[in-house]
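These protein sequence lines map, in sequence, to chains A and Y.
Numbering-wise, the first sequence is residues 1 to 502 according to this note's numbering.
Numbering-wise, the second sequence is residues 1001 to 1502 according to this note's numbering.
I have placed the structure first, in the form of structure tokens, so that the comments after it can refer back to it.
2 protein chains.
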Amino acid sequence: MGQIEKDFLEYIKKMQAYEEAINVMYWDMRTGAPKKGIDQRSEVIGMLSTEAFQMLISDKMNDYLTTLSQNDVYQGLNPVTRKAVELLKKEYRKNKVIPVNEYQEYVVLCSKAESVWEEAKAKSDYTLFAPYLKKLVDYNKKLITYWGYEGNKYNTLLNEYEPGVTVDILDKVFSKIREKIVPLVKEISESKQKPTTDFLYDHFPKENQKKLSEYFIKELGYDFDAGKLDESVHPFEITLNRGDVRVTTKYDENDFRTAIFGTIHECGHAIYEQNISEELEGTFLCSGASMGIHESQSLFYENFIGRNEGFWRRYYKKLQEYSSKQFDEISLEKFYQAINESKPTLIRIEADELTYALHVMVRYEIEKSLFNDEITVDELPRIWNEKYQEYLGITPPNDAKGILQDVHWAGGSFGYFPSYALGYIYAAQIKHAMLKDFPHYDELLETGQFEKIKNWLTTNIHQYGKTMQPLEILTAVTGEGLNAQYLIDYLDEKYREIYQLS
Amino acid sequence: MGQIEKDFLEYIKKMQAYEEAINVMYWDMRTGAPKKGIDQRSEVIGMLSTEAFQMLISDKMNDYLTTLSQNDVYQGLNPVTRKAVELLKKEYRKNKVIPVNEYQEYVVLCSKAESVWEEAKAKSDYTLFAPYLKKLVDYNKKLITYWGYEGNKYNTLLNEYEPGVTVDILDKVFSKIREKIVPLVKEISESKQKPTTDFLYDHFPKENQKKLSEYFIKELGYDFDAGKLDESVHPFEITLNRGDVRVTTKYDENDFRTAIFGTIHECGHAIYEQNISEELEGTFLCSGASMGIHESQSLFYENFIGRNEGFWRRYYKKLQEYSSKQFDEISLEKFYQAINESKPTLIRIEADELTYALHVMVRYEIEKSLFNDEITVDELPRIWNEKYQEYLGITPPNDAKGILQDVHWAGGSFGYFPSYALGYIYAAQIKHAMLKDFPHYDELLETGQFEKIKNWLTTNIHQYGKTMQPLEILTAVTGEGLNAQYLIDYLDEKYREIYQLS
């Protein structure tokens, strides 16, 4: 390895060291840091972020990238270094064109917008948030002019989270979902066959939920020597380094599902990160390929394992053991039906598998229209409510339970939401591909052979980290491109059975 | 305030930001960070430490210090800035002479050595730790050559923790303690009047110990909005910033005293840090005056409050409530005598007030010999065991209960231990001074007026942070210099009463 390649790798390793320190502090702030220290901690995070950002857009970085991209040098690089150079070139270009003062103003704007959003949500008053949302949208429109676009302006934002996925692709996907899922949801809503669910809400002691959460993710293959499980207001997975991939969960003593499925979901993210090839550490490639692929892994674990009947054939007794006798009189079948109840609700993060994509579709359609100047920020609550009525058959009683429910826009994340739906679609495609190797998939779960599943995912997805694009991975794993049919078939089959529809 | 003063304060604030990030990671590594991430974390800590270190020894720092020290400029500075300039000048000179690569290697070494120490202690295998200890000692010997020494080589290390305290002073102090305390310990050992203590070792559920620990330190004035209590192998207090002063403890279900007195001890450190004047934040002056003064505060809380009979007159019922009925048949008097039992034991941090200084004496003598090349690292377990036999009349059954018991050396802290003994001496002097303002001191405890004690300590000690030298503070508070007689008198009176000696 040449000296310049070594120096470059050392340089980006240092940038990643800042990121690790920031992530430790971020994790700490979400898992119990005392409130009087938060302002000062935020300053520290801001300071280290600035250091890392300045390293990214520095002349030194430019020199490295220029030299390493020269054909003769490039050909001699380690393949991993080449991928890192490509990634950093993209990041460098993207960030270098933003005027520093605009970027700083935007950071301040996001910070304020998040506070205002909190207040607006608490008061359920969209008009408080609207002026900030306008500025956030305007800034992102400006980003589109800085970065350019192909086909549709919104593609530029989508590309941030799911490279290669465009409005053309998503229009087709959501059109199919709309066509198939909306009628199914309606059919289920009107069905007289409803699962009994009252026992789900009985008191389930937090300490036992904690032990059970730990037990489950250990069974699934989460490595506790390379991670830990903590508590936070909103569950998340965070990678500090490859040997320290943490998950958090939250406990609701009146609904054990929050912790159990939440932990299994985050465990899916974490198993991905724990099994990326070691040689990628410190290169910016040692993380998931995209938001969508990441979500496919968490959803695979949450739904294709955690909400599978085979899984509960294995563990229902264990659950009964840890709970307060609430399931003693409930058959496995009744339990399985209950945890897979589907009904239209207002809050995305509480939605079931079947209706989830419809929530995302609303966001997608709104964002697409917004960045193509077809609608204005002021119209959004009305449009939101109309779409909920159209797709889910319900109308939010107020903006807190409607347009204001998620923080993402306040943080400047536009183009992010579609990744959630892509995660479902990818996961169903991946599951279908897995069936070729494991035709008796449900038996694997019933007999606890999670190692086989984890190894299959590692071989086909996890190990590559960010060295492959999301659609490259999908094609390599499934032999085809994005195809929502597998998700539709899976949902159709599962829910027709549960709701005993023809 | 002039521009250069502002720039200087901003500059050192950034250095402190690095320190905060490092401390968060340090705290995290001691409170449950997964083992597979430790090596990478150590590198990150090393990298950030190097950044801060390079800021300290930079030409820019030299320019600041030179300019700000010019008489006309210096006179115009804010008094706090002046103190910061003095402190930084000392640090600059001291560190400028250390080669950067040596320093960086040392930081990584310490971080790894602490993990190795944990493992060595768990396995009671000194040979695991010895190679790291040798390197740590060698580095500190090198420091002595860089910094020079007066009188005795070991003085240079002592000066790091307790400026002005030398081998000559300590030889005299320990000689006096040996002369007075050893016979008293012997007299007590031979006394037929022994407290009954078996009930102390009954099972006390960890969860209850945790609740009780939290309860006590809250009562004493620890601010949970500016800190939290966690669990670690070795209890410690760590200041992340002035609004985030954390304590850790450990729980032994067969001896509740470990957690209760350990937490109160760390709480004493924390109350000190939580009550330093706000104007000192970010200036390197916002921490305790010295290790010895710090220890005087933790020991004040642990012994002069936590082991005082008045305190237990107030809280004995509370303790009975949280415990497993083990104290139901035990009178307050019996309980008080039991928790003040004095007998030679192996573990310093669990030692009683009377024998504590003897533990420190062993470390002091070993460190002194080590840095004067009179003994080698390989000989330490043997020498340790011999000294315990000589001073305390007991020999550790293994190294975990002997030489490996403390983390300090693994963190590169040599010259630190004597501060613990100084802490006792200072604390007894401070208590004596406090009696002038609060002659009915025991009643304050019995009536829960801890706010008064905290305010007295804040007014006289805490608020000043590092703006005063340890012996300056001592003189201001007590009207005299270091005097071990108050400690000796206190111990003599207390233990003669408990053991009913003439």
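Here a beta-carbon is modelled for each residue, glycine too, at the ideal position from N, C-alpha and C.
State yes or no: is the beta carbon of residue i nearer than 8 Å to at least one beta carbon in chain A?
i, result
"valine 1108 of chain Y", "no"
"valine 1044 of chain Y", "yes"
"aspartate 1244 of chain Y", "yes"
"asparagine 1241 of chain Y", "yes"
"leucine 1346 of chain Y", "no"
"glutamate 1162 of chain Y", "no"
"glutamate 1020 of chain Y", "yes"
"glycine 1032 of chain Y", "yes"
"aspartate 1442 of chain Y", "no"
"aspartate 1406 of chain Y", "no"
"lysine 1228 of chain Y", "yes"
"methionine 1001 of chain Y", "no"
With the cut-off set at 8 Å, would you say residue i and residue j are in Cβ contact?
i, j, result
"arginine 41 of chain A", "aspartate 1406 of chain Y", "no"
"phenylalanine 204 of chain A", "isoleucine 330 of chain A", "no"
"methionine 529 of chain A", "asparagine 71 of chain A", "Lying outside 1 to 502, the shown extent of chain A, residue 529 of chain A is not represented and no answer is given."
"threonine 1248 of chain Y", "threonine 1081 of chain Y", "no"
"lysine 6 of chain A", "threonine 467 of chain A", "no"
"tyrosine 154 of chain A", "glycine 481 of chain A", "no"
"tyrosine 1126 of chain Y", "leucine 1457 of chain Y", "no"
"glutamate 1219 of chain Y", "glycine 1479 of chain Y", "no"
"glycine 1262 of chain Y", "leucine 1346 of chain Y", "no"
"asparagine 23 of chain A", "leucine 240 of chain A", "yes"
"lysine 89 of chain A", "serine 58 of chain A", "no"
"serine 1287 of chain Y", "glycine 1465 of chain Y", "yes"
"asparagine 275 of chain A", "histidine 462 of chain A", "yes"
Cβ of residue i less than 8 Å from any chain Y Cβ?
i, result
"aspartate 225 of chain A", "yes"
"phenylalanine 48 of chain A", "It should be noted that the sequence gives leucine, not phenylalanine, for residue 48 of chain A. Yes, because at least one Cβ of chain Y sits closer than 8 Å to the Cβ of leucine 48 of chain A."
"glutamate 350 of chain A", "no"
"arginine 41 of chain A", "yes"
"lysine 14 of chain A", "yes"
"lysine 35 of chain A", "yes"
"methionine 55 of chain A", "no"
"valine 80 of chain A", "no"
"valine 24 of chain A", "yes"
To the nearest angstrom, how far is it from the Cα of residue i to the Cα of residue j?
i, j, result
"isoleucine 271 of chain A", "serine 213 of chain A", "15 Å"
"tryptophan 1384 of chain Y", "alanine 1410 of chain Y", "17 Å"
"isoleucine 1144 of chain Y", "glutamate 1160 of chain Y", "11 Å"
"valine 1107 of chain Y", "serine 1323 of chain Y", "43 Å"
"methionine 1047 of chain Y", "tyrosine 1018 of chain Y", "10 Å"
"serine 1531 of chain Y", "serine 1502 of chain Y", "Lying before the first or after the last residue shown, residue 1531 of chain Y is absent from chain Y, which here runs from 1001 to 1502."
"lysine 96 of chain A", "lysine 1096 of chain Y", "36 Å"
"proline 1183 of chain Y", "leucine 1354 of chain Y", "11 Å"
"tyrosine 490 of chain A", "leucine 128 of chain A", "42 Å"
"valine 44 of chain A", "glutamate 1020 of chain Y", "7 Å"
"glutamine 193 of chain A", "lysine 436 of chain A", "33 Å"
"threonine 1050 of chain Y", "alanine 400 of chain A", "47 Å"
Relative to the C-alpha of residue i, which candidate in the options has its C-alpha closest?
i, options, result
"isoleucine 1394 of chain Y", "Y/Thr1258, Y/Gly1262, Y/Arg1307 and Y/Pro1344", "Y/Pro1344"
"isoleucine 238 of chain A", "A/Leu474, A/Pro183, A/Tyr464 and A/Met29", "A/Met29"
"tyrosine 215 of chain A", "A/Cys267, A/His432 and A/Ala357", "A/Cys267"
"leucine 229 of chain A", "A/Trp27, A/Gly423 and A/Glu118", "A/Trp27"
"alanine 1289 of chain Y", "Y/Pro1163, Y/Ser1069, Y/Tyr1495 and Y/Leu1009", "Y/Pro1163"
"glutamate 1150 of chain Y", "Y/Asn1140, Y/Val1137 and Y/Asp1168", "Y/Asp1168"
"alanine 1428 of chain Y", "Y/Glu1207, Y/Asn1275 and Y/Ser1298", "Y/Ser1298"
"proline 235 of chain A", "A/Ser69, A/Ile375, A/Phe224 and A/Asp252", "A/Asp252"
"leucine 392 of chain A", "A/Asn208, A/Leu422, A/Leu358 and A/Lys211", "A/Leu358"
"valine 1377 of chain Y", "Y/Gln1054, Y/Tyr1092 and Y/Lys1141", "Y/Lys1141"
"isoleucine 1518 of chain Y", "A/Asp225, A/Leu380, A/Gly292 and A/Leu280", "Only positions 1001 to 1502 of chain Y appear in the structure, and residue 1518 of chain Y is not among them; the question remains open."
"phenylalanine 1300 of chain Y", "Y/Glu1051, Y/Gly1076 and Y/Lys1431", "Y/Lys1431"
Which bits of chain D does residue i rub up against, with CB to CB less than 8 Å?
i, result
"alanine 17 of chain A", "Note that chain D does not occur in the displayed structure, where the protein chains are A and Y."
| Is the number of C-beta pairs between the region 1172–1184 of chain Y and the region 1370–1379 of chain Y that are closer than 8 Å three or more? | The region 1172–1184 of chain Y is not in contact with the region 1370–1379 of chain Y.
| Should the region 1105–1113 of chain Y be regarded as contacting the region 1293–1307 of chain Y, the criterion being three or more beta carbon pairs within less than 8 Å? | Result no; under three Cβ-Cβ pairs closer than 8 Å.
| message | Does the contact criterion of 3 or more C-beta pairs under 8 Å hold for the region 1492–1500 of chain Y versus the region 1332–1348 of chain Y? | response | Yes: the two stretches touch, three or more of their Cβ pairs being nearer than 8 Å.
| Does the region 1310–1323 of chain Y touch the region 1425–1445 of chain Y, meaning 3 or more C-beta pairs lie closer than 8 Å? | With the cut-off at 8 Å, the region 1425–1445 of chain Y and the region 1310–1323 of chain Y touch.
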